[in-house]
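Inspection log for the structure reproduced underneath, given as structure tokens.
There are 2 protein chains.
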Amino acid sequence: MLTERQLEVVLSVVYDYITTGEPVGSRTVSRRYLTGKSAATIRNEMSELSEMGYLNQPHTSAGRVPTAKAYRLYVDSILQRRREPLQALDPLPKELKSRRDDAEAALSMISQLLARLTHSIGLAGVEVMEEVLVQRIDFLPVDSRHALVLTVLKGGLVHHRMIEFPLEIRPADLEELSSRINLLASGRAWNEVRQSLSEYLAGTLDHLSRSCFSALEAIDELLSGRSMRIFAGGAHHILGLPDFQDIGKLQALMALLEEESSLEKLVRSVPQSEGLSVVIGEENPLEELQNCSIVLSSGQSAGRRLVLGLIGPQRMDYEGAIVLLEGLLPHLTAGDDGDRQ
Amino acid sequence: MLTERQLEVVLSVVYDYITTGEPVGSRTVSRRYLTGKSAATIRNEMSELSEMGYLNQPHTSAGRVPTAKAYRLYVDSILQRRREPLQALDPLPKELKSRRDDAEAALSMISQLLARLTHSIGLAGVEVMEEVLVQRIDFLPVDSRHALVLTVLKGGLVHHRMIEFPLEIRPADLEELSSRINLLASGRAWNEVRQSLSEYLAGTLDHLSRSCFSALEAIDELLSGRSMRIFAGGAHHILGLPDFQDIGKLQALMALLEEESSLEKLVRSVPQSEGLSVVIGEENPLEELQNCSIVLSSGQSAGRRLVLGLIGPQRMDYEGAIVLLEGLLPHLTAGDDGDRQ
DNA sequence: TTTGGCACTCGACGTCTCCGAGTGCTACTA
DNA sequence: TAGTAGCACTCGGAGACGTCGAGTGCCAAA
Chain P
1 MLTERQLEVV
11 LSVVYDYITT
21 GEPVGSRTVS
31 RRYLTGKSAA
41 TIRNEMSELS
51 EMGYLNQPHT
61 SAGRVPTAKA
71 YRLYVDSILQ
81 RRREPLQALD
91 PLPKELKSRR
101 DDAEAALSMI
111 SQLLARLTHS
121 IGLAGVEVME
131 EVLVQRIDFL
141 PVDSRHALVL
151 TVLKGGLVHH
161 RMIEFPLEIR
171 PADLEELSSR
181 INLLASGRAW
191 NEVRQSLSEY
201 LAGTLDHLSR
211 SCFSALEAID
221 ELLSGRSMRI
231 FAGGAHHILG
241 LPDFQDIGKL
251 QALMALLEEE
261 SSLEKLVRSV
271 PQSEGLSVVI
281 GEENPLEELQ
291 NCSIVLSSGQ
301 SAGRRLVLGL
311 IGPQRMDYEG
321 AIVLLEGLLP
331 HLTAGDDGDR
341 Q
Chain Y
342 MLTERQLEVV
352 LSVVYDYITT
362 GEPVGSRTVS
372 RRYLTGKSAA
382 TIRNEMSELS
392 EMGYLNQPHT
402 SAGRVPTAKA
412 YRLYVDSILQ
422 RRREPLQALD
432 PLPKELKSRR
442 DDAEAALSMI
452 SQLLARLTHS
462 IGLAGVEVME
472 EVLVQRIDFL
482 PVDSRHALVL
492 TVLKGGLVHH
502 RMIEFPLEIR
512 PADLEELSSR
522 INLLASGRAW
532 NEVRQSLSEY
542 LAGTLDHLSR
552 SCFSALEAID
562 ELLSGRSMRI
572 FAGGAHHILG
582 LPDFQDIGKL
592 QALMALLEEE
602 SSLEKLVRSV
612 PQSEGLSVVI
622 GEENPLEELQ
632 NCSIVLSSGQ
642 SAGRRLVLGL
652 IGPQRMDYEG
662 AIVLLEGLLP
672 HLTAGDDGDR
682 Q
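Order-wise, the sequence lines are chains P and Y. Just so it is clear: in the first sequence, position 156 is 156 by this note's numbering, and no numbers are missing. When you read off a place in the second sequence, starting at 1, and then add 341, the result is the number in this note's numbering.
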């Protein structure tokens with residue numbers, strides 16, 4: 001177990017390393033943080049902390065650098081004393097307001113905003129939960145074999161997709177189909193009505209049963225398969241940082257960010273027990289991210305889960321990141337909610 | 342004017358520099374390309390070419406590097422002899438097929454595909470021309486003051502947007518509105534019917550005139566304002582290249598790629614007289630791109646203009662780029678066309 | 001006009017040295 | 001016994017220096 005003073009030393013080293021980016025020596029700690037103690041004393045403590053796995057030496061005659069274990073300590077200490085009143089920050093930029101109607105554009109903007117504010121990579125995503133309420137579902141005829149399926153969910157999320165029917169289908173049939181679906185599904189959760197809907201349709205519209213089947217399939221895909229949209233923005237902000245010297249790794253990271261499926265995997269791999277979680281360096285399952293840290297925050301409203309996050313160097317400004325995400329998230333979930341109920 | 346031999350030398354230098362990335366000396370040219378002539382001869386030619394502004398010396402005792410002027414010569418020579426039969430290349434990956442119904446996802450994939458094949462940045466965009474034919478336009482009620490406007494264009498492009506009405510509006514009115522709009526607009530070009538539609542609606546639905554007005558506004562925005570969607574993909578491919586050592590510039594470039602409006606400006610700034618155009622280095626109006634080259638190719642079908650492009654270092658493989666873009670474009674325009682008429 | 005020869009230039013690279021920050025250890029002190 | 005001061009030691013970084021070699025420009029000869 002760590003003594004009180006050892007803890008102070010670790011936190012000082014982490015703090016100093018985060019701000020300066022250079023290995024921290026005993027003298028620095030003694031002068032800047034534990035002014036009562038001499039460098040020699042600190043040296044002894046640091047030597048022990050090295051053995052315990054909290055600090056690392058890049059080489060013999062250099063200062064110490066925190067390990068993931070030390071960062072963890074630091075982050076936990078932030079999380080503990082964070083129960084102070086969070087001032088409601090960030091009057092949302094109005095550009096964002098103007099995109100209220102287009103969830104995807106808004107997410108992309110938010111990710112870029114986050115990145116800009118923190119000089120790291122911003123993440124913004126939304127996941128449609130199974131319980132999301134359907135507002136309406138429509139089929140718009142395109143030609144005799146194709147129609148556009150359009151789902152509008154409570155809260156303003158809109159999906160559309162072109163589907164192909166196994167047989168020709170008349171516009172009137174489509175209208176019939178959508179009005180029946182709406183009758184049962186509107187205002188309810190899709191996963192709730194899905195089963196009964198299928199039976200009901202099979203019973204009443206049996207001349208169209210095969211077409212109904214493919215329509216339901218398509219809706220299923222829309223509402224569950226592709227149910228998470230996630231955007232990463234502002235990747236260029238980390239380009240200058242001394243922490244990302246290794247171009248090869250940087251490249252791998254950038255490649256990962258472009259793959260929405262990888263991002264999804266990333267977000268899902270983070271334990272989302274509480275609203276906020278921090279993954280530090282090697283704690284990360286994905287190799288490309290092992291010299292990064294991730295702060296993720298998620299909130300839920302109206303059957304959707306909103307995820308905000310930041311990816312930065314291990315020595316990122318955790319405190320700023322946490323405050324930002326915790327300050328922003330309620331704004332967004334609340335705002336989306338109150339908009340059009 | 343250049344002599345025959347000077348031309349040969351310039352082209353050799355460009356070619357060699359493109360393949361090796363290192364300044365080219367007179368001996369290299371003499372040995373690899375103009376085997377008949379000695380290094381000294383080449384040296385004299387090169388010295389003159391330097392004065393004429395085709396070649397540059399990074400420093401006194403280094404080989405020559407081509408200037409934009411030389412690249413221009415090189416590219417033009419490719420474009421001239423390119424009139425050979427282009428083998429139909431690239432059986433489109435099937436993933437692309439599966440995204441036929443979602444134009445935006447497809448564009449994003451294409452941009453990444455292009456990037457992967459050429460190790461540069463891929464661009465893919467689509468612009469809705471004024472002459473695009475409307476397939477249908479619908480209003481779906483969301484609540485008493487809001488509706489979703491949905492426009493389906495010939496060729497499968499779908500846009501939607503939430504609009505707010507100045508007054509309450511009943512679902513029946515919306516239906517009335519959309520059926521009237523469709524009556525006049527379906528199968529026609531928006532810019533053709535826009536004016537008469539406005540008058541017609543004002544005449545027949547005057548109790549809703551203010552609402553009609555905002556609806557038409559919204560459609561206008563959908564079909565003209567935001568009419569170009571463009572994606573840049575695979576930016577990580579240029580990270581390793583020796584040509585992009587300067588992190589600052591790279592950062593500016595990446596930032597530009599994330600701004601769709603900048604990309605749009607970029608594409609529009611390129612003269613699109615012929616189907617294919619190449620912009621080299623300083624020829625570029627945007628400062629961020631002055632050490633890049635851009636190859637853009639565009640084709641038109643069904644009222645939409647499809648744009649494919651590549652952004653790479655000045656010493657990019659122009660020949661490969663040109664062949665790729667010219668080979669791919671017809672596939673895509675044709676494919677999109679034949680799909681659902 | 002072309003070519004071979006030659007002196008010259010200049011960056012890349014390796015070696016060497018010096019400097020200083022930081023360490024570990026030991027002996028001294030309160 | 002914990003804390004402190006002193007000291008020898010280590011090691012990377014920066015700068016000085018020398019060498020190497022690719023490439024040039026120019027001149028004189030073919």
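Beta carbons: idealized from backbone N, C-alpha and C, even for Gly. Every value quoted in this text rests on a predicted model; they were computed, and no experiment measured them.
Nearest CB-CB separation between residue 239 of chain P and chain Y: below the 7 angstroms threshold.
A Cβ-Cβ separation of about 7 angstroms places residue 230 of chain P in contact with residue 307 of chain P under the 8 angstroms criterion. Chain order gives no chain Y residues near residue 286 of chain P, where near means a beta carbon separation below 8 angstroms; the closest approach is about 15 angstroms.
Between residue 499 of chain Y and chain P, the shortest Cβ-Cβ separation is below 7 angstroms. In the three-state scheme derived from DSSP, where H, G and I count as helix and E and B as strand, residue 360 of chain Y is classed as helix. By the criterion of at least three beta-carbon pairs nearer than 8 angstroms, the region 505-516 of chain Y is not in contact with the region 439-459 of chain Y. DSSP places residue 279 of chain P within a strand segment (E or B) once states are collapsed to three. Residue 468 of chain Y is bridged by DSSP to Y:569 and Y:646. Using a Cβ-Cβ cut-off of 7 angstroms, residue 592 of chain Y counts as an interface residue toward chain P, since at least one Cβ of chain P sits closer than that to its own.
Against chain P, a Cβ distance below 8 angstroms from residue 588 of chain Y picks out 239 and 240. Taking 7 angstroms as the threshold, the shortest C-beta distance from residue 119 of chain P to chain Y does not fall below it. If you compare the alpha carbons of P:331, P:159 and P:15 with that of residue 151 of chain P, the shortest gap goes to P:159. Within the same chain, Cβ atoms closer than 7 angstroms to the Cβ of residue 181 of chain P are found at 137 and 197, the five residues on either side in sequence being excluded. A contact between stretches requires three or more CB pairs, one per stretch, nearer than 8 angstroms, and the region 617-632 of chain Y fails this requirement with the region 266-277 of chain P. Taking a C-beta distance under 7 angstroms as the contact criterion, residue 165 of chain P and residue 145 of chain P qualify as a contact pair.
Secondary structure note for residue 419 of chain Y: its alpha helix (DSSP H) is the uninterrupted segment 409-422. Considered as a whole, the region 165-209 of chain P harbours 171-185 and 190-204 as its complete alpha helix (DSSP H) runs of no fewer than 4 residues, in chain order. Taking the CA atoms as reference points, residue 62 of chain P sits about 19 angstroms from residue 71 of chain P.
Rounded to the nearest whole angstrom, the C-alpha separation of residue 377 of chain Y and residue 467 of chain Y is 50 angstroms.
Residues 665 of the same chain have their beta carbon placed closer than 7 angstroms to that of residue 458 of chain Y, with the five preceding and five following residues left out of the count. For residue 657 of chain Y, no CB of chain P lies under 7 angstroms from its own CB, so it is not counted at the interface with that chain. Rounded to the nearest angstrom, the Cβ distance from residue 470 of chain Y to residue 646 of chain Y is 6 angstroms, consistent with a contact under 8 angstroms.
Under the three-state reduction of DSSP, residue 346 of chain Y is assigned to helix. Bounds of the beta strand (DSSP E) holding residue 147 of chain P are 146-153. Inclusion of residue 588 of chain Y and residue 240 of chain P in the CB contact set at 7 angstroms is warranted, their separation being smaller than that value. Bounds of the beta strand (DSSP E) holding residue 478 of chain Y are 475-484.
Shown here, residue 112 of chain P sits in a helix according to DSSP, grouped into three states. Per the C-alpha coordinates, the member of Y:657, Y:345, Y:638 and Y:465 positioned closest to residue 667 of chain Y is Y:638. The beta-carbon distance between residue 314 of chain P and residue 301 of chain P, rounded to whole angstroms, is 32 angstroms. This is too long to meet the 8 angstroms contact definition. Close partners of residue 477 of chain Y in chain P (Cβ separation under 7 angstroms): 140.
It is roughly 7 angstroms from the alpha-carbon of residue 569 of chain Y to the alpha-carbon of residue 605 of chain Y. Against residue 491 of chain Y, the close residues of chain P are 138, 140, 148, 150, 158 and 160, in the order they occur along the chain (beta-carbon pairs closer than 9 angstroms). Within 7 angstroms of the CB of residue 254 of chain P, the CB atoms of chain Y belong to 576, 577 and 580, in sequence order along the chain. Scanning Y:480, Y:476, Y:483 and Y:575 for the CA closest to the CA of residue 143 of chain P turns up Y:476. Rounded to the nearest angstrom, the gap between the Cα atoms of residue 363 of chain Y and residue 221 of chain P is 52 angstroms.
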